[in-house]
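Chemist:
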């Protein structure tokens, strides 16, 4: 069970994009990687195709290791934990103890 979900706001804590923040676009649970908006940008050379008429150089996000991102709760980076809220398993911020979802 991964502690980061699609739609979460995260902060990069390691690598060339350290201290950048963005929204999680997708989570790859098998390889423990996340795709974060505007982080770890790469250039891709695309040939002209039906979808992309004139081709050219495209900037797009590349996956980043989930261990290099940290959940942002109220603008501050925090670790995430799980606890039982009645009979439901919920995520909570370790710094404040508040339930995230």
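In this note's numbering, the protein residues as written are 13 to 113.
Just so it is clear, CB atoms sit at the ideal spot from N, CA and C, and this is done for glycine as well.
Bear in mind the structure is a predicted one, so any value in this text is a computation, not a measurement.
With DSSP as the reference, please indicate the residues paired to residue 90 in a beta bridge.
Modeler: Paired residues: 83.
Chemist: Which full runs of the beta strand (DSSP E) of 3+ residues lie inside the stretch 40-77, going along the chain?
Modeler: The qualifying runs are 45-48, 53-58 and 68-73.
Chemist: In three-state terms, what does DSSP make of residue 21?
Modeler: If DSSP states are grouped into helix, strand and coil, residue 21 belongs with the strands.
Chemist: Quick check: the Cα distance between residue 42 and residue 14, rounded to an integer number of angstroms?
Modeler: Roughly 10 Å between the two C-alpha positions.
Chemist: Determine the closest residue to residue 46 out of 95, 20 and 67, with distance taken between C-alpha atoms.
Modeler: Ranking the options by Cα distance to residue 46, first place goes to 20.
Chemist: Between the stretch 20-31 and the stretch 80-96, do at least 3 Cβ pairs fall closer than 8 Å?
Modeler: They touch, by the three-pair rule.
Chemist: The beta strand (DSSP E) that contains residue 102, what's its start and end?
Modeler: Taken as a continuous stretch (DSSP letters only), the beta strand (DSSP E) holding residue 102 covers 100-105.
Chemist: Contact between the stretch 54-64 and the stretch 94-110: three or more CB pairs below 8 Å?
Modeler: These segments do not touch.
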